[in-house]
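> A single structure is presented below for examination.
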Amino acid sequence: MAGVRLQALHRRFGDVVALDGIELDIASGEFVSFLGPSGCGKTTALRLIAGFDRPTSGRVFVGDKDITDVAPNKRDIGMVFQAYSLFPNMTAVRNVEFGLRVRRQGRGDRRSRALELLELVGLGHAADRYPHQLSGGMQQRVALARALAIEPRLLLLDEPLSALDAKVRVQLREEIRRIQTRLGITTIYVTHDQEEALSISDRVAVLSQGQIEQIGTPAEIYGAPATPFVAEFVGTMNRIESTVADPDAGHVDYDGSSLAVDAARGRQRGERVLVLVRPETVQVEAAASSENGLTGEVVSQTFLGSVTRLRVLAGPTEWTADLSAERAAALPIGAQVSLHFPPSSAKLLTLEGGAAEGLEAAAADSVE
Amino acid sequence: MVALTPRRFIAPSAVLWLLLGAAYFLIPLIATLIFSLRSNQTGACCTLENYGTIIHDPQFLKTIKTSFILSLETIFVTLVLLVPTVYWVHLKLPRLRPVIGFMALVPFVIPPIILVVGLLDVYKGTPTWFYAEPYGFLVGAYVILAFPYMYFSLDSGFRAIDVHTLTEASQSLGARWTTTLWRVILPNIKSAALAGAFLTLAIVMGEFTIASLAVFDTFPIYIQYINQNKAYPAASVTLLAFAITWAAMLALLAAGRGRAPAAQGAR
Numbered sequence: 002m003a004g005v006r007l008q009a010l011h012r013r014f015g016d017v018v019a020l021d022g023i024e025l026d027i028a029s030g031e032f033v034s035f036l037g038p039s040g041c042g043k044t045t046a047l048r049l050i051a052g053f054d055r056p057t058s059g060r061v062f063v064g065d066k067d068i069t070d071v072a073p074n075k076r077d078i079g080m081v082f083q084a085y086s087l088f089p090n091m092t093a094v095r096n097v098e099f100g101l102r103v104r105r106q107g108r109g110d111r112r113s114r115a116l117e118l119l120e121l122v123g124l125g126h127a128a129d130r131y132p133h134q135l136s137g138g139m140q141q142r143v144a145l146a147r148a149l150a151i152e153p154r155l156l157l158l159d160e161p162l163s164a165l166d167a168k169v170r171v172q173l174r175e176e177i178r179r180i181q182t183r184l185g186i187t188t189i190y191v192t193h194d195q196e197e198a199l200s201i202s203d204r205v206a207v208l209s210q211g212q213i214e215q216i217g218t219p220a221e222i223y224g225a226p227a228t229p230f231v232a233e234f235v236g237t238m239n240r241i242e243s244t245v246a247d248p249d250a251g252h253v254d255y256d257g258s259s260l261a262v263d264a265a266r267g268r269q270r271g272e273r274v275l276v277l278v279r280p281e282t283v284q285v286e287a288a289a290s291s292e293n294g295l296t297g298e299v300v301s302q303t304f305l306g307s308v309t310r311l312r313v314l315a316g317p318t319e320w321t322a323d324l325s326a327e328r329a330a331a332l333p334i335g336a337q338v339s340l341h342f343p344p345s346s347a348k349l350l351t352l353e354g355g356a357a358e359g360l361e362a363a364a365a366d367s368v369e
Numbered sequence: 090m091v092a093l094t095p096r097r098f099i100a101p102s103a104v105l106w107l108l109l110g111a112a113y114f115l116i117p118l119i120a121t122l123i124f125s126l127r128s129n130q131t132g133a134c135c136t137l138e139n140y141g142t143i144i145h146d147p148q149f150l151k152t153i154k155t156s157f158i159l160s161l162e163t164i165f166v167t168l169v170l171l172v173p174t175v176y177w178v179h180l181k182l183p184r185l186r187p188v189i190g191f192m193a194l195v196p197f198v199i200p201p202i203i204l205v206v207g208l209l210d211v212y213k214g215t216p217t218w219f220y221a222e223p224y225g226f227l228v229g230a231y232v233i234l235a236f237p238y239m240y241f242s243l244d245s246g247f248r249a250i251d252v253h254t255l256t257e258a259s260q261s262l263g264a265r266w267t268t269t270l271w272r273v274i275l276p277n278i279k280s281a282a283l284a285g286a287f288l289t290l291a292i293v294m295g296e297f298t299i300a301s302l303a304v305f306d307t308f309p310i311y312i313q314y315i316n317q318n319k320a321y322p323a324a325s326v327t328l329l330a331f332a333i334t335w336a337a338m339l340a341l342l343a344a345g346r347g348r349a350p351a352a353q354g355a356r
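Residue numbers (this note's numbering), protein chains in the order written: chain A, 2 to 369; chain B, 90 to 356.
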C-alpha cells in the first residue's frame, strides 16, 4: 500500500476552472472521502489520480513515485465507477479475473484468486452469472472485487452507490469500509452524500469550486465547520447572522435579543458574525421565555422518522429544530414557543462584508 | 379473471396482414419454383434438369465463389476500417459523429454508375493485381457501397454500450488499447457488427452495375447472362442464389454466435 500526495493540482476546461490548486496528503491505508456538490471538482480530482485525465499543472504522487505522466493502465490503481462498468460479455468471475488475465497470470491462479475475492464481497455463489443476471448492488460488489483483484496500490471509488436504493447503499458502504479496513488499502471515495462520507471515512475533504474548503475527521467536519460553505453543506445548520454585543460575557445581539454564545468571547465588539447551531441542539418549549432564548411561532412540522423537524420563525430567521415525536406533538403549527440552545454548542464564523459567500438567502432575511 | 390469462390468439386482422405479407413474398418464389421445374426443351413439368444444368456449369461455381470471396473480403476490410474508427469517434471525438454520418450517406446519393466511372479513373495506374482483379478493384468499390450499412449498424451498436466506462474500467485493470478493443469492446458490439456484415454480404452478392461496367465476372453477371439466354434454368439459378445467400447468412450468424453468448442486456 502507498500514500498519495496531490501537489498544487490545477485542471482547466477552457475557461472553466475545475480544480484550483488542490493540495492533499493521504497516509498509507487511510480512507479519505471527497465530498461536495456536483461540479465541485471531486470527480475531476479522482480522474486525475486514475490517469484518465491530465492536470493543467501540478503533480500526483503515489508513494514516492510521481505518476502524473504515467498511462492509466500502468498505474496499478483499482477503480469502481458510478455507472455499472462490468463487461457484459463476461461472467462475474471472468470480470474479476480480467486484470489478472491482462497481467498474464496462470489460469488456475487467477481463477482461485477471483473466487476468493467474490467470496470476500459475498458473491461466491454468483460467480458464473452474467452482469445482466445480477442486481445493481451485486454488480457493484463484483466491480469492487474486480478492482481489488489486481492488488492495487490505491483504490478509487467514484460514487459507487449512487445508483442503488437506500437500504442497499447503507449495507454496501459498511461492507466497503469493512473490506478496506481488513485489506488496509489506501482508498479515496468520491460522494455528494454527506452521510455516506461522514460514516465511513477516516478523513473527509469538502470541496467547493475546485478547492478544498476543509479537510478533517468526520467529527471535525460536522462539529466544527471551518467555512460557511462547509457549515451549509454538511448536515443541517441554523445560520444566524448577528453582532457581537459583549465579548467579555460572550453575548451576541440577534434581532434585539441577547444570546449567550461561548465562542463569542474574545471577539471584537460590533463584529458581524454567523452563529451556527445544529438543529438537534435547539430546544423548543411552549411559550414562557427562558434565559438564553427567543420567542417565536411554529411554522411547520416534518416527520423524519427518528425525529420531527420543526421550523420556528423567531426574529428574521426561520430556525430548524429536531425534536422527539412526542415533544413535537405538544407544539402544533401556530403555537407560540420559546427557543434556546446551550451556549457551548454554537460555533461562530466571521461574516465578511455583511454576508458570507453562498449565504445570500440568510443575508436577505436579515435585511428586512 | 379473463384479463389475467395471457392472450394466446392473434387478432384476425393481424392474421390477414400476415397472410398478405407472406403472399407478397412467397407467391413470386413459388411461381419461380414451378417455372424452374419445367423442361428447358419441352416446357413440360416437372423435372430437375434445370438445376442439374446450372450446378454442372463450371461458370456457376466459379462466379459464386468469386462473389462469396468478394463479400468476405469486403466485410473484413470494412470491419477493420470502421470498428476502430467508430470506437475512437465515440470515445474521443463525438463531435465528428454527424460528419461521418453525412459521409456515410454519400454512397446512397451517388449512383453506382457514376461511382464506377470515377473509380476507374481514380484507380488508373494502380498495380495490375489491384486494377485488373475483382479482389482488388471491386473490393475497393464495395467497401464504399458497404460503408453506410456497416457504419450505421456499428454506430447504433456503440451507442447501446457505455463505451467510456467500459474503456476506463478495462484500462484501470491494466489493459492496453488493443486488449480493450479486442476483449471488451468487440464482444459487446458483435451483434451490430454481424448485422452490418449481413447487409454487406447481401449487397455484394447482388451487386451488378459496378461489376458489369468494370467487366468482372461475378455471380450477378452470371445470373444476368443465364436470364438472357436460357429461360427455365434462369429461374433455377435465381432460386439457388436465394438459397445460397440465406445459407451464407446463417453461416455468418453461427460463426458470430459460436464463442461467447451474445451480450443480451448489454447497456
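Glycine included, each C-beta is placed from N, C-alpha and C at the ideal position.
Under 8 Å Cβ to Cβ from A:P333, same chain only, skipping five residues before and after it: list those, please.
Numbered from its first residue, the first sequence carries residue 333 of chain A at position 332. Cβ neighbours of A:P333 beyond the five flanking positions: V299, Q302.
> Excluding five sequence neighbours on each side, which residues of the same chain lie with their C-beta closer than 6 Å to the C-beta of B:L126?
Start at 1 with the first residue of the second sequence, and residue 126 of chain B comes out as number 37. Excluding positions up to five away in sequence, the list reads C134, C135.
> Taking 7 Å as the CB-CB limit, is A:R130 close to chain B?
Position 129 of the first sequence, counted from the start, is the residue given in the question as residue 130 of chain A. So no, A:R130 is outside the interface.
> Can you list the alpha helix (DSSP H) stretches of 4 or more residues lying completely in the segment 205–277 of chain B, in chain order?
As far as the segment 205–277 of chain B is concerned, its whole alpha helix (DSSP H) runs of at least 4 residues are 217–220, 228–248, 252–261.
> Would A:L173 be called buried (16 or more neighbouring beta carbons within 10 Å of its own) or exposed?
Walking along the first sequence from the start, residue 173 of chain A turns up at place 172. Buried, by the Cβ-count rule.
> For chain A, find out if any of its Cβ atoms is closer than 7 Å to the Cβ of B:A343; answer yes or no.
Stepping through the second sequence from its first residue, residue 343 of chain B is reached at position 254. Closer than 7 Å: no.
> Which class does A:Y190 belong to by DSSP, given the choice of helix, strand or coil?
The residue labelled residue 190 of chain A in the question sits at position 189 within the first sequence. Looking at A:Y190 - three-state DSSP - the assignment turns out to be strand.
> Return the bridge partner residues of A:Y255 from the DSSP annotation.
Residue mapping note: residue 255 of chain A aligns to position 254 of the first sequence, counting from 1. A:Y255 is bridged to A:S258.
> Which bits of chain B does A:N239 rub up against, with CB to CB less than 8 Å?
Along the first sequence, one-based indexing puts residue 239 of chain A at 238. Within chain B, no residue comes near A:N239; the closest Cβ sits about 41 Å away, beyond 8 Å.
> On the criterion of 16 or more Cβ atoms from any shown chain inside 10 Å, does B:N318 qualify as buried, or is it exposed?
If you number the second sequence from 1, residue 318 of chain B lands on position 229. B:N318 comes out exposed.
> Tell me the DSSP bridge mates of A:E216?
For the purposes of this step, residue 216 of chain A is identified with residue 215 of the first sequence, where counting begins at 1. What sits at residue 216 of chain A in the sequence shown is Ile, not Glu. Note: A:I216 sits in a beta bridge opposite A:A206.
> Counting only Cβ pairs nearer than 7 Å, list the residues of chain B close to A:S86.
Position 85 of the first sequence, counted from the first residue, corresponds to residue 86 of chain A. The contacting residues are T254, L255, A258.
> Which chain A residues are close to B:R248, counting only those with a beta carbon under 9 Å from its beta carbon?
Within the second sequence, numbered from 1, the residue matching residue 248 of chain B stands at position 159. Neighbours of B:R248 on chain A: none; closest Cβ ~14 Å, over 9 Å.
> Can you pull the chain B neighbours of A:F53, defined as C-beta to C-beta under 7 Å?
Your numbering for residue 53 of chain A matches position 52 in the first sequence. Correct list: E257.
> Smallest Cα separation from B:L118: which of B:L328, B:A343, B:T269, B:Q148?
In the second sequence, counting from the first residue as 1, residue 118 of chain B sits at position 29. Of the listed residues, the one whose Cα sits closest to B:L118 is B:L328.
> Just to confirm my understanding: we take A:G335, look at its own chain, exclude 5 residues before and 5 after, and list those with CB closer than 8 Å. What are they?
Position 334 of the first sequence holds residue 335 of chain A. Correct list, in chain order: E298, V299.
> Comparing alpha-carbon positions, which option in A:S345, A:V33, A:P343, A:V18 lies nearest A:R187?
Residue mapping note: residue 187 of chain A aligns to position 186 of the first sequence, counting from 1. The question names Arg, yet the displayed sequence has Thr at residue 187 of chain A. The shortest Cα separation from A:T187 among A:S345, A:V33, A:P343, A:V18 belongs to A:V33.
> Taking 7 Å as the cut-off, decide whether the C-beta atoms of A:R48 and A:D54 are in contact.
Here residue 48 of chain A is taken as the residue at index 47 of the first sequence, counted from 1. Here residue 54 of chain A is taken as the residue at index 53 of the first sequence, counted from 1. Going by C-beta atoms, A:R48 is nearer than 7 Å to A:D54.
> Looking at the secondary structure, which residues open and close the beta strand (DSSP E) in which A:E319 lies?
In the first sequence, residue 319 of chain A corresponds to position 318, counting from 1. 318–324 is the extent of the beta strand (DSSP E) around A:E319.
> At which residues does the beta strand (DSSP E) containing A:F304 begin and terminate?
Taking the first residue of the first sequence as 1, we reach residue 304 of chain A at position 303. Where A:F304 is concerned, the enclosing beta strand (DSSP E) stretches over 294–304.
> Among B:A258, B:L270, B:A332, which residue has its Cα nearest to the Cα of A:L157?
Here the question's residue 157 of chain A lines up with position 156 in the first sequence. It is B:A258.
> Quick check: is the beta carbon of B:D251 nearer than 7 Å to any beta carbon in chain A?
As a first step, residue 251 of chain B is located in the second sequence; it is residue number 162 there, counting from the start. Chain A, which has a Cβ nearer than 7 Å to the Cβ of B:D251, makes this yes.
> Would you list the one or two residues that DSSP bridges to A:K348?
Taking the first residue of the first sequence as position 1, residue 348 of chain A is located at position 347. Its beta-bridge partners are A:L277.
> So, under 8 Å CB-CB, A:Q1 and A:V231 are touching, yes? Tell me the CB distance rounded to an integer number of Å.
The structure shown has nothing for residue 1 of chain A, since chain A only spans 2 to 369.
> From the DSSP output, which residues share a beta bridge with A:R310?
As a first step, residue 310 of chain A is located in the first sequence; it is residue number 309 there, counting from the start. Beta-bridge pairing links A:R310 to A:T303, A:D323.
> Among all the DSSP beta bridges, which residues are the ones paired with A:L36?
Counted from its first residue, the first sequence places residue 36 of chain A at position 35. Beta-bridge pairing links A:L36 to A:T192, A:V207.
> Just confirm the distance between the C-beta atoms of B:G285 and B:S242, as a whole number of angstroms; I'd bet it's less than 8 Å.
Working through the second sequence from its first residue, we reach residue 285 of chain B at position 196. Working through the second sequence from its first residue, we reach residue 242 of chain B at position 153. Contact holds; Cβ gap of about 4 Å.
> How many Å lie between A:V97 and B:P173 at the Cα?
Taking the first residue of the first sequence as position 1, residue 97 of chain A is located at position 96. Taking the first residue of the second sequence as position 1, residue 173 of chain B is located at position 84. Roughly 26 Å separates the two Cα atoms.
> List the residues of chain B that A:P161 touches, going by C-beta distances under 9 Å, in chain order.
The residue you call residue 161 of chain A lines up with position 160 of the first sequence. Those within 9 Å of A:P161 in chain B number zero; the least Cβ separation is about 12 Å.
> Contact check, B:N139 vs B:P322 under 8 Å by CB: the rounded distance?
The count along the second sequence starts at 1 and reaches residue 139 of chain B at position 50. The count along the second sequence starts at 1 and reaches residue 322 of chain B at position 233. Right, their Cβ atoms sit about 4 Å apart.
> Going by other Cβ atoms of all chains shown within 10 Å of its Cβ, with 16 needed for buried, is B:H179 buried or exposed?
If you number the second sequence from 1, residue 179 of chain B lands on position 90. Burial call: buried.
> State the DSSP-derived secondary structure class of B:L283, mapped to helix, strand or coil.
To locate residue 283 of chain B, count along the second sequence from 1; it is residue 194. The answer is helix: DSSP assigns B:L283 an H, G or I state.
> Going by CA-CA distance only, name the one from A:T57, A:A46, A:L25, A:E31 that's closest to A:G15.
Residue mapping note: residue 15 of chain A aligns to position 14 of the first sequence, counting from 1. Looking at the Cα atoms, A:T57 is the closest of the given residues.
> Return the CA-CA distance between A:A3 and A:S113, expressed in angstroms with no decimal places.
The sequence position of residue 3 of chain A within the first sequence is 2, counting from 1. The sequence position of residue 113 of chain A within the first sequence is 112, counting from 1. Between A:A3 and A:S113, the C-alpha separation is close to 26 Å.
> Under a CB-based cut-off of 7 Å, is A:M139 close to chain B?
Along the first sequence, one-based indexing puts residue 139 of chain A at 138. No, because no Cβ of chain B sits closer than 7 Å to the Cβ of A:M139.
> For A:D21, which of helix, strand or coil comes out of DSSP?
Stepping through the first sequence from its first residue, residue 21 of chain A is reached at position 20. Reduced to three states, the DSSP call for A:D21 is strand.
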